[in-house]
Amino acid sequence: METFLAVQEPLAASGVAEYGWLLIALPLFGAAVLLLGGRRTNAWGHLLGCATVIAAFVYGLALFLSMTGMPADERVRELHLFDWIPVNALNVEFGLRIDPLSMVFVLLITGVGALIHIYSVGYMSHDQAGRTGADNTERRRFFAYLNLFVGAMLILVLGNSFVTLYLGWEGVGLASYLLIAFWQHRPAAATAAKKAFLMNRVGDVGLALAIFLMFAELGTTQYTEVFARAGEMPTGVLLAIALLLLLGACGKSGQFPLQAWLPDAMEGPTPVSALIHAATMVTAGVYLIARSNPIYNLTEDGRLVVTIIGALTLLIGAIIGCAYDDIKKVLAYSTVSQIGYMILAVGLGPAGYALGIFHLLTHGFFKAGLFLGAGSVMHGMNDEVNMRRFGGLAKHMPITFVTFGLGYLALIGFPFLSGYFSKDEIVAAAFAQEGWRGWVFGGAAALGAALTAFYMTRLMLMTFFGEKRWKGQKSADGREYHPHESPASMTVPMIVLAFGSVFGGVLLYSGDRLLGWLEPSLGAVAHAEGGALPHSVIPFLVVGLSAVGVLLAWLLVGRRPVPATAPAQVSFPVRAARADLYGNALNETLFARPGTWLTRALVYVDNRGVDGLVNGIAALLGGSSGRLRRAQTGFVRSYALSILGGAVLLTAALLMVRFT
Amino acid sequence: MSGSVLLLALLFLPLLGALVVAFLRSDDRVAKGVALGFSIAELALVIAAWAAYDPAGDRIQLSSSAEWIPQFGVHFAVGVDGIALVMIALIGILVPIVIGGSWNDRLPEERTAAGFYSLILLMQALMVGVFAATDVLLFYVLFEAVLVPMYFLIGRFGGARRQYAAVKFFLYSLLGGLIMLASVIGVYVVSGNQLGSGTFDWETLVATVSTADTSTQIWLFLGFFIAFAIKAPLVPLHTWLPDAGAEAPIGVGVLLVGVLDKIGTYGFLRYCLPMFPDASRELAPLVLVLAVAGVIYGALLAVGQDDMKRFVSYTSVAHFGFIALGVFAFTSQAQAGAVLYMVNHGIATGMLFLVVGMVIARGGSRNISDYGGLAKLTPVLAGMFVVAGLASLALPGTNSFVSEFLVLIGAFPTQPVFTVIAAVGMILAALYVLWVYQRVMQGPLRGNAVLGLAGGPGAAGDPSSEGLAARLASKVPDLSRRELAVLAPLVALVLFLGVYPQPVLDVITPSVDATLTELGVTDPVQEGN
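Quick note, the sequences are listed as chains D and V, same order.
The numbers in the numbering used here rise by one with no breaks, and the one at position 17 of the first sequence is 17.
The numbers in the numbering used here rise by one with no breaks, and the one at position 310 of the second sequence is 310.
Structure below.
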């Protein structure tokens with residue numbers, strides 16, 4: 001068996017880190033004040049919401065800086081807070097693991113989180129009907145849920161056991177549910193939220209079962225002990241745990257076969273899509289697998305399945321992304337696809353854990369930026385999402401156009417922008433695999449790059465270039481379109497994220513800054529030699545394929561006018577892609593419909609069968625089958641009779657015992 | 001010494017209260033107020049008893065005993081272990097909340113508040129007695145006696161089909177009780193054969209009956225088990241619960257599902273396992289099948305309900321499946337989880353029942369299909385619905401998570417297959433909670449109950465939901481201060497016990513360990529494993 005550099009044993013937290021609980025407490029405090037304070041906090045609720053997250057970011061930054069001052073082998077720290085669930089051999093601690101991996105997430109979550117909180121101040125300033133400042137209850141509720149999300153997400157990444165991870169895991173699920181259903185009078189939003197929660201719960205059960213297995217095998221659920229003693233578990237159990245954790249990751253991260261909820265989640269307000277359903281929560285699956293690297297290191301089969309799921313999902317997401325006309329859904333499927341890249345990367349094991357996190361970070365910048373840009377477009381276009389109604393918006397929204405454009409270039413891997421570094425590294429690592437794996441996984445990743453370039457170019461062309469198809473049209477609520485640039489509170493976060501999209505990659509990549517930083521948590525990156533294709537040709541291959549994708553999009557979309565309604569007569573692949581490659585239809589046929597029939601049948605049986613049977617027996621034993629029917633009039637008598645019967649029996653029995 | 005006085009006071013204070021309130025027929029407000037006062041005094045006693053109880057102390061504490069029927073060795077003997085104590089604490093917490101929650105209930109004609117609240121207090125005294133009894137015959141008598149106030153509370157103060165439901169409840173329970181009586185006599189006989197003279201003393205019975213041969217144990221076990229399985233209720237003996245739960249007034253439903261049903265699962269722990277260890281181990285697979293069947297079956301039926309109160313009852317059937325799984329998985333984690341589940345379910349489902357009652361009080365209908373979009377009119381009530389629902393589906397951070405997690409993680413090492421099946425119940429729980437919430441609270445304003453308040457569906461000519469909402473806003477008020485005061489302690493408990501369950505677990509765990517020792521099993525997963 002291969003051996004890898006083990007994850008470091010943690011030391012007790014000291015100095016700044018002793019107040020690590022503040023990271024979680026701050027946003028949760030904000031959420032509590034806004035939810036319990038009610039209307040009294042309407043006026044300043046959004047400011048408090050921003051302040052708690054900014055404060056958490058500042059503290060996180062201080063924590064990060066103090067960690068950079070430590071030697072690398074002292075950077076993994078644990079902070080014990082209290083015993084959460086102690087029963088004999090089981091002791092679930094409530095504690096924090098403050099290490100390079102969790103710090104990276106803390107900065108991402110609070111940093112991007114703070115930007116999106118600020119953006120939301122502008123975005124949520126007018127309600128659904130387009131009125132400004134009529135009633136700030138909605139906005140306060142929104143910031144309460146956002147704060148709740150940040151708190152839960154920080155528990156997820158900072159917890160020091162699989163159970164605290166699970167607490168955060170379902171906590172972010174709740175925040176996601178509440179925010180998808182934020183406009184809960186819309187049936188589509190309510191349904192999408194429920195769907196998201198349910199599909200996540202399927203994954204959560206996988207995660208829970210993995211935790212149960214760890215306890216049964218090792219008697220603990222704490223990271224430190226599980227990781228140190230993972231090798232004691234038999235291979236079969238390790239594989240089972242790896243697959244169950246993967247199931248959890250698939251639910252949270254919208255990976256095949258649990259991907260269908262993520263596009264529907266776009267019913268939520270756009271800042272939510274940016275923060276939760278692009279930059280942070282949906283990447284939790286990647287975190288889970290990277291965090292569990294001591295387990296995955298020991299099961300090659302488990303890693304292989306992870307890689308397959310990642311490769312499959314990146315292609316599914318990219319293919320469907322080509323077919324949608326809804327700007328947010330294209331971005332959502334793009335997220336599915338990009339997380340597929342990350343899952344593929346962490347499935348490669350020590351060669352890929354850090355690469356997955358690298359892509360997660362750059363993706364966090366440019367995808368959040370893209371979603372905020374889409375939100376800005378919608379903000380100026382009466383909440384329209386249909387790209388066939390856009391066109392020529394570049395002139396009307398210059399800042400949005402430029403920042404969105406930079407995010408677009410970063411995503412398709414334009415040379416030296418952030419996506420270029422992180423995606424190329426994954427493609428290269430995939431190609432470096434031995435034998436058929438190199439060709440299959442490398443090939444899938446490279447093909448995905450071409451598809452990404454295609455659908456994103458199509459989106460750019462349809463939105464910002466070409467004819468102004470919105471002229472003379474009216475939105476669903478009967479208003480004319482007057483596209484305009486968004487206020488500064490929205491554009492400033494977009495500009496900051498655009499900077500990240502441009503420079504993030506090179507900053508993190510140069511000198512192995514990020515990869516070296518993560519070593520104490522993830523082990524050293526194992527650069528594979530050989531494989532299907534050498535590393536040096538990868539940039540050319542990926543850039544070349546992306547260029548083909550861009551060109552194709554221009555030929556198909558840019559060169560000719562875009563029809564205002566989607567053409568109905570299309571080929572099978574397009575039809576399949578529009579139908580989400582039949583993922584929803586499959587769920588419907590396999591689960592929803594049989595489930596409905598089953599519950600109906602059971603309700604019938606329970607009312608007629610089980611109840612009838614037991615009623616019958618009860619009536620029989622009661623001595624009169626008519627008693628129940630006559631109960632309306634004769635109940636006092638029957639009651640007295642029963643009591644009498646009981647008393648007689650009791651006395652008789654006692655006497656019997658006494659005299660025998 | 002002072003401890004035993006405390007427990008006796010816990011028993012007799014509500015009884016005294018019941019007597020006093022029964023005479024306050026002339027003024028409903030006074031009757032309610034006095035009842036509330038007694039229940040709060042009882043809660044203070046509960047806190048004192050909690051403080052007096054030493055988790056590291058004797059198996060049974062705060063005990064006292066007096067001869068009752070000396071010819072048969074029957075004693076009026078009471079005392080508590082950790083399991084009984086947490087249940088008595090749950091009663092102490094729920095009764096004031098139930099009284100506050102029923103405050104504005106419209107009573108049927110010719111019924112007075114004095115009657116209602118007197119019966120509530122009587123039931124409280126009897127329930128405390130059931131959990132505190134350490135004489136098996138005393139337990140049996142109280143087990144049956146509890147039926148009487150419950151029967152009248154459902155049959156006199158309930159909904160339209162209250163008498164059908166009350167009789168059904170009564171017959172089921174009585175049937176179970178009579179079967180148990182045979183076993184109660186049986187253990188007396190067995191102890192008599194061994195000791196020369198029979199006894200009903202619980203600790204002596206545990207020591208003697210547990211040594212009987214397996215087939216005797218199995219027969220005696222079954223007598224107790226059937227009675228408890230009806231109470232608990234386990235599938236397929238559950239069908240009285242949806243009727244009783246639906247027809248009972250909301251507050252009575254809270255006590256029925258929150259406490260009274262727990263007598264069944266408590267009985268498993270207190271009587272079935274320690275007295276009949278061989279039979280328990282022998283028959284555990286059978287019980288586990290019923291438990292896991294209940295988890296899935298109850299959840300599926302909850303999904304299919306249109307009546308909100310029946311819905312809550314069926315969710316309880318699923319939850320009782322989890323509890324039974326925890327009891328019969330025979331590990332300390334699972335069993336401590338099951339006991340904690342009994343407490344948490346009382347809090348969470350009690351809250352869900354109350355919230356549903358508040359919805360019904362506004363719309364006047366129990367049917368889910370009569371509602372829609374209520375969150376727009378009553379956002380705070382909707383928020384409370386969410387909290388109760390999340391506690392019901394055991395979201396981490398709520399109290400129920402800790403217990404469900406303990407049951408499952410504890411059951412997994414000994415019963416992996418049953419645990420995996422039960423884990424599917426976690427998904428179904430999310431489905432039934434969120435779907436009901438969606439239909440009642442989310443979406444546009446709709447449904448006869450909601451639109452009826454605006455002057456009927458026909459009068460809702462204004463198509464914009466804004467106009468409709470404006471007209472309805474004055475007719476459908478959000479939570480009143482009283483309602484908030486009733487729910488606030490439950491919300492606090494849901495969150496506190498979700499984050500810091502340790503004080504309760506510390507009380508439960510030693511008693512569970514003792515039960516498992518009596519059962520003769522050890523944990524498969526040991527410290528430092």
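Each residue gets a CB set at the ideal place from its N, CA and C atoms; glycine is no exception.
Since the model is a prediction, treat every value here as computed from it, not as a measurement.
A direct Cα-Cα distance of roughly 17 Å separates L35 (chain D) from I24 (chain D).
Annotation: the continuous alpha helix (DSSP H) that includes R281 (chain V) extends over P277 to G304.
As DSSP reads the structure, H75 (chain V) sits in a beta bridge with V:E67. The secondary-structure analysis by DSSP pairs H80 (chain D) across a beta bridge with D:G95. Excluding residues up to 5 positions away in sequence, L355 lie with their Cβ nearer than 6 Å to the Cβ of E425 (chain D) in the same chain. Among the residues of chain D, those whose CB is under 7 Å from the CB of T419 (chain V) are F212, following chain order. Of all residues in the region 172 to 198 of chain D, those with a C-beta nearer than 9 Å to a C-beta of chain V are G173, L174, Y177, L178, A181, Q184, H185, R186, P187, A189, A190, T191, A193, K194, F197 and L198, reading in chain order. If the five residues before and after M384 (chain V) are omitted, its C-beta is found closer than 6 Å to the C-beta atoms of V355 and L487, all from its own chain and listed in chain order. V346 (chain D) and I412 (chain D) have their C-alpha atoms roughly 21 Å apart.
According to DSSP, I85 (chain D) shares a beta bridge with D:V92. With a cutoff of 7 Å on beta-carbon distance, V53 (chain D) and G151 (chain D) are scored as not near each other. Taking a Cβ-Cβ cut-off of 9 Å, L239 (chain D) has no neighbours in chain V, whose nearest Cβ is about 16 Å from it. The beta carbons of V78 (chain V) and S64 (chain V) sit about 6 Å from each other, so the pair counts as a contact at 8 Å.
In this structure, A17 (chain D) lies near R77 (chain D), with their beta-carbon atoms less than 7 Å apart.
In this structure, the beta-carbon distance from I99 (chain V) to A35 (chain V) falls below 7 Å. DSSP places I538 (chain D) in the uninterrupted alpha helix (DSSP H) bounded by I538 to A553. Contacts between Y166 (chain D) and chain V, judged by CB atoms closer than 7 Å, involve P396 in chain order. The beta-carbon of L234 (chain V) is placed no less than 7 Å from the nearest beta-carbon of chain D. In this structure, L179 (chain D) keeps its C-beta atom at 7 Å or more from the C-beta atom of G285 (chain D). In the structure shown, the three-state DSSP call for P263 (chain D) is helix. S332 and Q333: these are the residues of the region 311 to 334 of chain V whose beta carbon lies less than 8 Å from some beta carbon of chain D, given in chain order.
T313 (chain D) is bridged by DSSP to nothing; it lacks a bridge partner.
Per DSSP, reduced to three states, the secondary structure at A445 (chain D) is helical. According to DSSP, E480 (chain D) shares a beta bridge with D:K474.
Among the residues of chain D, those whose CB is under 8 Å from the CB of D523 (chain V) are N88 and A89, following chain order. Within the region 388 to 430 of chain V, the runs of alpha helix (DSSP H) at least 4 residues long that lie entirely inside it are, in chain order, 399 to 411.
Taking C-beta separations shorter than 6 Å and ignoring five residues to either side along the sequence, the partners of V163 (chain D) in its chain run V92 and T221, following chain order. Within chain D, the residues P86, V87 and N88 have their CB atoms less than 9 Å from the CB of T509 (chain V), given in chain order.
With respect to chain D, the C-beta atom of I427 (chain V) has a partner C-beta closer than 7 Å. In the three-state reduction of the DSSP assignment, N344 (chain V) falls in the helix class. Burial is judged here by how many other beta carbons sit within 10 angstroms of a residue's own beta carbon; S102 (chain V) has at least 16 and is buried.
Nearest neighbour of L43 (chain V) by Cα position, chosen from V:A9, V:L142, V:L519 and V:I60, turns out to be V:A9.
By the beta-carbon neighbour count (other beta carbons within 10 angstroms, threshold 16), D204 (chain D) is buried. By the neighbour-count definition (other C-beta atoms within 10 Å, threshold 16), A488 (chain D) is an exposed residue. The three-state secondary structure of Q222 (chain D), taken from DSSP, is strand.
Positions of the beta strand (DSSP E) runs, each at least 3 residues long and wholly inside the region 234 to 282 of chain D, cannot be given because no such run exists.
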